[in-house]
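Trainee:
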Amino acid sequence: MKRDVIIACDFPSAEATYAFLDNFKEEKPFIKIGMELYYAAGPEIVRELRRRGHRIFLDLKLHDIPNTVRKAMKVLSRLDVDMVNVHAAGTIEMMRAALEGLKEGRPDGERPLIIAVTQLTSTSEEALHKQLLICESMNDTIATYARNAREAGLDGVVCSPLEASLVKEACGPEFLAVTPGIRYPDAAKDDQSRITSPARAREIGSDFIVVGRPITAAADPVAAYRRCCADFIGQ
Ligand code: C5P
């Protein structure tokens, strides 16, 4: 899959999501369905958005014992999405189980890409040390979590765009860096802390940027999406 912009559809209902996506007449954006929307609208919204032709990153960030994650991934795999994820903090064994579950769910040999969250882009270095009691630096933690994900057979990680080059150095150029935490310098940071612009994310090596509020809360979401695509993909 080539470099792309993924819109985080963090909406409370199916109706709000359809109303938002109906703005896009010419493009069929790659979209991310996260916890809020999935828990509100269930698997049916995934099926409907597939029917409408969207590629889908189902961002449910699974983190549980390996057996539970394997069985959950088996179910999600059947939804025919393009990308799913887990928390790398769940261990290599859990990530392997997730991958097995995906393969079991699709006997035709197809499966979604599976990536691991290293550290949430909202987590600061201070919170890492003082709240999570991880004494290594943010960069060392992310590089190690990324190597763990690669060892488990995953396709890449979710990380801050600022860490994409670190991930590529640790795991090689083919290992995907999917990066939320995208903001234009002239806009609100919201609750994100390790952020950068689409153009800079491209330079650092992101394969996919995940952009939520800078597009969904924009006065003109289509124009905001096109600006991100132009800066990140270069079209
Ligand atoms: O609105 P905003 O652009 O901040 O949205 C970013 C999206 O990416 C949200 O859906 C958030 O849950 C997700 N995300 C993140 N940091 C991660 C993983 C996912 O911000 N490490």
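Letter by letter, the sequence shown follows residues 1048 to 1282 in the working numbering.
Ideal Cβ placement from N, Cα and C applies to all residues, glycine included.
Could you give the distance in angstroms between the alpha-carbon of residue 1062 and the alpha-carbon of residue 1094?
Mentor: For the purposes of this step, residue 1062 is taken as residue 15 along the sequence shown, with counting starting at 1. For the purposes of this step, residue 1094 is taken as residue 47 along the sequence shown, with counting starting at 1. Spanning the two alpha carbons is a distance of roughly 14 Å.
Trainee: Let me see if you follow: with CB-CB separation under 8 Å, is residue 1264 close to chain B or not?
Mentor: Of the protein chains in this structure there is only one, and it is not chain B.
Trainee: From this set, 1120, 1216 and 1254, which residue's C-alpha is nearest residue 1224's C-alpha?
Mentor: Position 177 of the sequence shown, counting from 1, holds the residue named residue 1224. Comparing alpha-carbon positions, the option among 1120, 1216 and 1254 lying closest to residue 1224 turns out to be 1254.
Trainee: Could you say if the region 1153 to 1172 and the region 1127 to 1143 meet the contact criterion of at least three C-beta pairs nearer than 8 Å?
Mentor: yes
Trainee: Thinking C-alpha only, which one of 1083, 1096, 1144 and 1057 is nearest residue 1110?
Mentor: On the sequence shown, position 63 is the one that residue 1110 refers to. Nearest C-alpha to residue 1110: 1144.
Trainee: Since residue 1189 is in the alpha helix (DSSP H), which residue starts that stretch and which ends it?
Mentor: Here residue 1189 refers to the residue found at position 142 when the sequence shown is read from its first residue. First-last of the alpha helix (DSSP H) with residue 1189: 1185 to 1198.
Trainee: Please state whether DSSP places residue 1279 in a helix, a strand or coil.
Mentor: For the purposes of this step, residue 1279 is identified with residue 232 of the sequence shown, where counting begins at 1. Helix at residue 1279.
Trainee: Can you grab the Cα-Cα spacing for the pair residue 1085 / residue 1262, in whole Å?
Mentor: Start at 1 with the first residue of the sequence shown, and residue 1085 comes out as number 38. Start at 1 with the first residue of the sequence shown, and residue 1262 comes out as number 215. Straight-line Cα distance between these residues: approximately 20 Å.
Trainee: How would you call residue 1082, buried or exposed, if buried means at least 16 neighbouring beta carbons within 10 angstroms?
Mentor: On the sequence shown, position 35 is the one that residue 1082 refers to. That one is exposed.
Trainee: Is it buried or exposed, residue 1122, if we count other Cβ atoms within 10 angstroms and call 16 or more buried?
Mentor: Position 75 of the sequence shown, counting from 1, holds the residue named residue 1122. So residue 1122 counts as exposed.
Trainee: Among 1195, 1153, 1214 and 1091, which has the Cα closest to the Cα of residue 1139?
Mentor: Stepping through the sequence shown from its first residue, residue 1139 is reached at position 92. It is 1195.
Trainee: For residue 1130, I'd like the list of residues in its chain whose CB is within less than 6 Å of its CB, leaving aside the five on either flank, ordered along the chain.
Mentor: Walking along the sequence shown from the start, residue 1130 turns up at place 83. Contacts found: 1104, 1159 and 1160.
Trainee: Evaluate residue 1266 with the Cβ neighbour count: other Cβ atoms within 10 Å of its Cβ, from every protein chain shown; 16 or more gives buried, anything less gives exposed.
Mentor: To locate residue 1266, count along the sequence shown from 1; it is residue 219. It counts as exposed.
Trainee: Look up residue 1163 in the DSSP assignment and give the residues it is bridged to.
Mentor: Within the sequence shown, the letter at position 116 stands for residue 1163. In DSSP, residue 1163 forms a bridge with 1133 and 1204.
Trainee: With DSSP run on the structure shown, which of helix, strand or coil describes residue 1033?
Mentor: Because the chain in this structure spans residues 1048 to 1282, residue 1033 falls outside the shown range and cannot be described.
Trainee: Where does residue 1263 sit, in a helix, a strand or coil, going by DSSP?
Mentor: Here residue 1263 refers to the residue found at position 216 when the sequence shown is read from its first residue. Residue 1263 falls in the helix class under three-state DSSP.
Trainee: Output the boundary residues of the beta strand (DSSP E) element that contains residue 1052.
Mentor: Start at 1 with the first residue of the sequence shown, and residue 1052 comes out as number 5. Where residue 1052 is concerned, the enclosing beta strand (DSSP E) stretches over 1051 to 1055.
Trainee: Does DSSP put residue 1225 in a helix, in a strand, or in coil?
Mentor: On the sequence shown, position 178 is the one that residue 1225 refers to. If DSSP states are grouped into helix, strand and coil, residue 1225 belongs with the strands.
Trainee: Determine the contact status of residue 1052 and residue 1077, defining contact as a CB-CB distance below 8 Å.
Mentor: Translated into positions along the sequence shown, residue 1052 becomes position 5. Translated into positions along the sequence shown, residue 1077 becomes position 30. Yes.
Trainee: Ligand 1 and residue 1229: does any heavy atom of the ligand fall closer than 7 Å to the residue's C-beta?
Mentor: Position 182 of the sequence shown holds residue 1229. Checking the Cβ of residue 1229 against ligand 1 gives yes.
Trainee: Name the one or two DSSP bridge partners that residue 1104 has.
Mentor: Taking the sequence shown and counting its residues from 1, one reaches residue 1104 at position 57. DSSP output for residue 1104 lists 1079 and 1130 as bridge partner(s).
Trainee: Below 7 Å, is the gap between the Cβ of residue 1247 and the nearest heavy atom of ligand 1?
Mentor: As a position in the sequence shown, residue 1247 is number 200, starting the count at 1. No, the beta carbon of residue 1247 sits no closer than 7 Å to any heavy atom of ligand 1.
Trainee: Measure the C-alpha to C-alpha separation of residue 1206 and residue 1056 and round it to an integer number of angstroms.
Mentor: Counting from one through the sequence shown, the residue named residue 1206 turns up at place 159. Counting from one through the sequence shown, the residue named residue 1056 turns up at place 9. Between residue 1206 and residue 1056, the C-alpha separation is close to 18 Å.
Trainee: On a CA-only basis, which of 1064, 1201, 1213 and 1075 is nearest residue 1089? Give me that one, please.
Mentor: Position 42 of the sequence shown holds residue 1089. Considering only 1064, 1201, 1213 and 1075, the residue with the shortest C-alpha distance to residue 1089 is 1064.
Trainee: Could you check if residue 1261 belongs to the surroundings of ligand 3, using beta carbon to heavy atom distance under 7 Å?
Mentor: Annotation note on ligand 3: not contained in the displayed structure, which lists ligand 1 as its ligands.
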